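Trainee:
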Amino acid sequence: MRILIAILAATFAFSGRGAAEPISFFRVEGVEYDDTITVPEDVLGFGVGEHPVRHDLMVRYLTEIAGQSDRIHVETIGYSHERRPIQFFVVTSPDNHARIDEIREAHLAQLDPGSQPGDGPAIIWMNYGVHGAESAGMDAAIPLLYHYAAAQGEEIEQTLNDAVILITAIFNPDGHARRVNHVETLGATTRVTNPEHEQHNLWTEARTNHYWFDLNRQWLLQTQPESIAWMEQWHRWKPQVSADFHEMGTESTFYFHPGEPLRRNPLIPERARELTQGIATHHIDFLDGEGRLYTTEEGFDNFYVGKGSTYPQVNGSLGILFEIGAARGGLIEADRGIVSHADNVRTHFRTSLTTVSGSLAQRDDIAAYQRQFFADSLAAARDDAVRGYVFSAEDDPARLNMFVDLMNRHDIDVYEAGREIVADGRTYAPGEAYVIPVEQAQYTMLRAAFDQPTEFEENIFYDVSGWTLPLAYDLEFAPLNTMNAGMLGDPVMAGPLAQPAPPESSYGYILRWSDYYAPRSLYRLLDADLRVRVATQATTINTHDGLVEFGPGTVFVPFQGQDASREHIHQLVSTIAEEDGVAVYSAASGSTPDNTPDLGDGAGFRAVDRPEVLVLFEDGLSRYDTGEVWHQLDHRMHMPVTLRRKSDLGGIDWSRYTHLIIVGGNADLGSAQERVEQWVREEGGTIIAMRSSARRVQRDFLMGDGARASMSGNDRNAAPDRRDYSRMATDDAEHVIGGAIFEGDLDVSHPIGFGYSDRFIPLHRNTTLTLERPTRDPFAVVVEYADDPLLAGYASQRRQDEIGGTPAVIAQRLGRGSVILFADNPTFRATFRGTERMFMNAVFLSGLINRSFGDY
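Convert by adding 3 to the 1-based position in the sequence shown; the result is the number in the numbering used here.
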């Protein structure tokens, strides 16, 4: 076997199907190429496939050939977190380039159902490298753009005259850079094809962006700079076809849409599948001609609208996913033979060409489909009993502005509430609420964002099944059955959140805790070594605006006891108002009305300290969860975060930290557990644990041996009924929770509930575990799942019954410290704005949690 592998490896290395390939390997047979266009190896210093292509080299090469060709225009549309440019290429004929704005505007105009059909070029989108570890999905842009710059002849001229091809060369520059570093660091003079070689083990770390976000879930959520950049261009063009190139497990072959027939979002027309099948015949012709293995209607779904191949399909485009068995480090053994990176790049390149040829072969039908999609969408909107949605976010303009911004990015029209609106028993006031009418071109996308599906034809999901965005943002919202005159005010776009600076005070300053960025402001104050006190209950304070009611969590910055001058404090709170958008009030007196604590009341206003946060990662902990916590604290709240591998806790100076965060996964702390428990009990540390880690921490830190045994025991008395093996996938999925949204009841009087206006709280849920109810502390359950908890997404009735009424969030004292448990991930994909507040309360307000001394 080893001799055979060596022979195969040598064959791939020298036969023209190997790791190091000049451009001749990728050129299309029978096509002449312009020799004045620079070939990749002249800039890279090697053939595509010999080494990973560094991002700066790819940018340099692609920019150079764009400058050599009048067929290609390139611009930088954004930057990654690590400041790497994201390049966007427009490829078409020189004549089309001369009137490119006219072509784009005419294309968009003819999508209006009241307009005449256009006859402009087909608009085709190609994106490469959304997952940094999937190297063929990045490097394929190199031969593709070379081909469009250098290919000669009538066929290429006709193609470029008939199409505008939009190419984002690297969706994920930071993940791509990690992949390059990994492969090069572990590379060797002699290729190692053994899959066990560490060079081939790069999937999760390099897959994601800087904060470890899976960017292929960002088409809907739009929280990362990379996705914000490309989505602006996508809607600026509204392409007719949108192709997305990936890699999958090495043992897999090659996959392309239309995908699994039964796993299609009901908002996607069946006609989209038919047209995608028509394009697929062009891929099949190429693949059959080379005797390649592939599959096209198995394994992948079109349900979650936040993926690069599904989002286009609820926006009038044909979304096409391509997946190829990964070559990992570049050359790797598989049961089907040696898998070569260069060969994978070539396959993605050639199916990029067949995507264009297949689209042009159905050019008129696809254009008619896109026009009909928007016409049907508008007709469905007019027939919908729901005429619109009204929404607000009480005392939190930042969260409201974020949601408006998200709707704007999805090209959904939003309006100010033109008058007072009463819906579902709630009054929405003008100036505080917005309205989205359903009768608009983006009706289908609006449905995708607002619908609350709970029943599904098939319950196997590649990703989450519930993503209702107003629930994720914890908005007060309601459908409107009528759209009367005056309801719609002016159109609104998200804008800066700056608040006016407060007048100078003689007593101190007040910050409202309900504002989304209030934790960022509080950290600014604490980091400036100011003494800060936080309200433990609702109060009314005499301010420069008169008597103002404030909720629990309100921040008070007194002048007494500060080392900083009053002028410096005023400058700092003015910066907070401008940059954080947090409302700041000048306190006029320390005296408050009857029945509310005065500002000097030590129980009503308690001191808080600056948090020092340690976040564990790796060694069985979810990298996605870690990245979401890191992003929330660092990127959004501007707080320093110490990241540490879970297996490397020896030698830690625990006295430095106030909070330890353990995300979902294996929370076994091993030999460090005893020291961590001492840190909590004796030194006042706080543990915040999520998902499965919350259950482990509850067992290890809060429960006795008997309770631990009951948690780990299983009832094996009843054997399950026999089932056919063929039903395994469907039956196993029956009780899996498909990323659903559950309803919780939040104790807003608890410090973890400070800043909320009501007890209703939507929670993202994608685990089946439950937390045990504390037996001696009835005040420890901060959030409890509703008895009938499902709001959106899939969860079997059995799981709903198991979870309903159980704790979702627990906060208990342990010695001098605290343990805070989240059954779910409160920072899920940086999108669940409501639960993010609870997480920030756990970071800043854990010291306010009192111990119960009652005998319950």
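Ideal placement from N, C-alpha and C gives every residue a C-beta, glycine not left out. Quantities reported herein were computed from a predicted structural model and do not represent experimental measurements.
1. Just to confirm, are Y131 and M141 a CB contact at a threshold of 9 Å?
2. Determine the direct distance from the alpha carbon of P754 to that of G850, and round the result to whole angstroms.
3. Using C-beta distances below 8 Å, list every residue in its chain close to D115, excluding the 5 sequence neighbours before and after it, in chain order.
4. Go ahead and pull the three-state DSSP assignment for I173.
5. Compute the Euclidean distance between the alpha carbons of N164 and N184, then round it to the nearest angstrom.
6. List the DSSP bridge partners of N487.
7. Taking the beta strand (DSSP E) that N197 falls in, what are its first and last residues?
8. Output the residue ranges of the alpha helix (DSSP H) runs that lie fully inside the region 312 to 365 and measure 4 residues or longer, sorted by chain position.
9. Out of H260, V42 and F289, which one is the CA nearest neighbour of T279?
10. Using a Cβ-Cβ cutoff of less than 7 Å, which residues in the same chain neighbour V93 once the five nearest sequence positions on both sides are dropped?
11. How would you call G434, buried or exposed, if buried means at least 16 neighbouring beta carbons within 10 angstroms?
12. Residues in its own chain within less than 6 Å of R840 by CB, not counting five upstream and five downstream?
13. Is the region 417 to 429 close to the region 519 to 539, with three or more CB pairs under 8 Å?
14. How many angstroms separate the CA atom of V666 from the CA atom of L619?
15. Measuring only the C-alpha atoms, how far is S380 from N197?
16. Between R534, A232, G117 and Q701, which has its C-alpha nearest I823's C-alpha?
17. For A436, collect the residues of the same chain with a Cβ closer than 6 Å to its Cβ; drop the 5 residues on either side in sequence, then sort them by chain order.
18. Note down the Cα distance separating R295 from H285, rounded to an integer number of angstroms.
19. So, is R239 buried or exposed, given that buried needs 16 or more other C-beta atoms within 10 angstroms?
20. Can you give the Cα-Cα distance for L449 and L403, rounded to whole angstroms?
21. Can you tell me whether G135 is buried or exposed? The criterion is at least 16 other CB atoms within 10 Å of its CB, across all chains shown.
22. In the DSSP assignment, the alpha helix (DSSP H) including I231 goes from what residue to what residue?
23. Closer than 7 Å by C-beta to R181: which residues in its own chain qualify, once you throw out the five before and the five after it? Chain order, please.
24. Can you tell me the Cα-Cα spacing of L863 and G742, whole angstroms?
25. Would A481 and A426 qualify as a contact pair, given that the criterion is a beta-carbon distance under 9 Å?
26. What residues in its chain sit with their C-beta under 6 Å from that of A384, if we drop five residues either side in the sequence?
27. Contact check, G554 vs S517 under 8 Å by CB: the rounded distance?
28. Who are the Cβ neighbours of A388 in its own chain at under 7 Å, not counting the five residues just before and after it?
29. Can you check which of these residues, T471, T358, E24 and A109, is closest to P43 by C-alpha distance?
30. Taking just the CA atoms, how far does I80 sit from L223?
31. Please classify W128: does DSSP put it in a helix, a strand, or coil?
32. Using C-beta distances below 7 Å, list every residue in its chain close to F847, excluding the 5 sequence neighbours before and after it, in chain order.
33. Does DSSP put A451 in a helix, a strand or coil?
34. Tell me whether the region 528 to 536 and the region 601 to 610 touch, counting them as touching only if at least three CB pairs, one residue from each stretch, are closer than 8 Å.
35. For the alpha helix (DSSP H) that contains V441, what are its first and last residues?
36. In chain order, what residues of the same chain have a beta carbon less than 7 Å from the beta carbon of A9, not counting five sequence neighbours either side?
Mentor: From the atom records:
1. Taking the first residue of the sequence shown as position 1, residue 131 is located at position 128. Taking the first residue of the sequence shown as position 1, residue 141 is located at position 138. In this structure, Y131 sits near M141, with a CB-CB distance shorter than 9 Å.
2. As a first step, residue 850 must be located in the sequence shown, where it is residue number 847. As a first step, residue 754 must be located in the sequence shown, where it is residue number 751. About 9 Å.
3. By one-based count along the sequence shown, residue 115 stands at place 112. Same-chain partners within the cutoff: F377 and A444.
4. Within the sequence shown, numbered from 1, the residue matching residue 173 stands at position 170. Three-state DSSP puts I173 in coil, outside helix and strand.
5. Taking the sequence shown and counting its residues from 1, one reaches residue 164 at position 161. Taking the sequence shown and counting its residues from 1, one reaches residue 184 at position 181. Approximately 40 Å, taken between the alpha carbons.
6. The residue you call residue 487 lines up with position 484 of the sequence shown. In DSSP, N487 forms no bridge with anything.
7. Working through the sequence shown from its first residue, we reach residue 197 at position 194. Segment: none, N197 is in no beta strand (DSSP E) and carries neither H nor E.
8. 344 to 364
9. In the sequence shown, counting from the first residue as 1, residue 279 sits at position 276. Among H260, V42 and F289, the Cα nearest to that of T279 is on H260.
10. Here residue 93 refers to the residue found at position 90 when the sequence shown is read from its first residue. Excluding sequence neighbours, V93 sits near H76, I103, V167 and L169.
11. By 1-based counting over the sequence shown, the position of residue 434 is 431. By the 10 Å Cβ count, G434 comes out exposed.
12. For the purposes of this step, residue 840 is identified with residue 837 of the sequence shown, where counting begins at 1. Excluding positions up to five away in sequence, the list reads G758.
13. no
14. Walking along the sequence shown from the start, residue 666 turns up at place 663. Walking along the sequence shown from the start, residue 619 turns up at place 616. One C-alpha to the other measures close to 7 Å.
15. The sequence position of residue 380 within the sequence shown is 377, counting from 1. The sequence position of residue 197 within the sequence shown is 194, counting from 1. Distance between the alpha carbons of S380 and N197 is about 52 Å.
16. Position 820 of the sequence shown, counted from the first residue, corresponds to residue 823. Nearest of R534, A232, G117 and Q701 to I823, Cα basis: Q701.
17. For the purposes of this step, residue 436 is taken as the residue at position 433 of the sequence shown. For A436, where only same-chain residues beyond five positions count, the Cβ hits under 6 Å are V393, S395 and A420.
18. The residue labelled residue 295 in the question sits at position 292 within the sequence shown. The residue labelled residue 285 in the question sits at position 282 within the sequence shown. Whole-angstrom Cα-Cα distance: 14 Å.
19. Start at 1 with the first residue of the sequence shown, and residue 239 comes out as number 236. Exposed is the call here.
20. Residue 449 sits at position 446 when you count from the first residue of the sequence shown. Residue 403 sits at position 400 when you count from the first residue of the sequence shown. The alpha-carbon atoms of L449 and L403 are separated by roughly 17 Å.
21. If you number the sequence shown from 1, residue 135 lands on position 132. Counting Cβ neighbours within 10 Å, G135 comes out buried, since at least 16 surround it.
22. In the sequence shown, counting from the first residue as 1, residue 231 sits at position 228. Run containing I231: P228 to W240, per the alpha helix (DSSP H) assignment.
23. Walking along the sequence shown from the start, residue 181 turns up at place 178. Only G135, E208 and A209 meet the Cβ criterion.
24. Because the chain here runs from 4 to 859, residue 863 falls outside it and cannot be looked at.
25. Taking the first residue of the sequence shown as 1, we reach residue 481 at position 478. Taking the first residue of the sequence shown as 1, we reach residue 426 at position 423. In this structure, A426 lies closer than 9 Å to A481 by Cβ.
26. The sequence position of residue 384 within the sequence shown is 381, counting from 1. Cβ within range, chain order: V441, E442 and Y446.
27. Taking the first residue of the sequence shown as 1, we reach residue 554 at position 551. Taking the first residue of the sequence shown as 1, we reach residue 517 at position 514. About 6 Å separates the two Cβ atoms, so the contact holds.
28. Here the question's residue 388 lines up with position 385 in the sequence shown. These residues qualify, in order along the chain: N484.
29. Counting from 1 along the sequence shown, the entry for residue 43 is found at position 40. When only C-alpha atoms are compared, the closest one is E24.
30. For this step, residue 223 is matched to residue 220 along the sequence shown. For this step, residue 80 is matched to residue 77 along the sequence shown. Roughly 19 Å separates the two Cα atoms.
31. By one-based count along the sequence shown, residue 128 stands at place 125. Here W128 sits in strand by DSSP.
32. As a working mapping, residue 847 is identified with position 844 in the sequence shown. Around F847: P522, L525, V611 and P614.
33. Numbered from its first residue, the sequence shown carries residue 451 at position 448. In this structure, A451 counts as helix in the three-state DSSP scheme.
34. yes
35. Here residue 441 refers to the residue found at position 438 of the sequence shown. Taken as a continuous stretch (DSSP letters only), V441 belongs to no alpha helix (DSSP H), as it is neither H nor E.
36. In the sequence shown, counting from the first residue as 1, residue 9 sits at position 6. A caution first: A9 carries a pLDDT of 43, below 50, which makes its placement in the model too unreliable to give a value.
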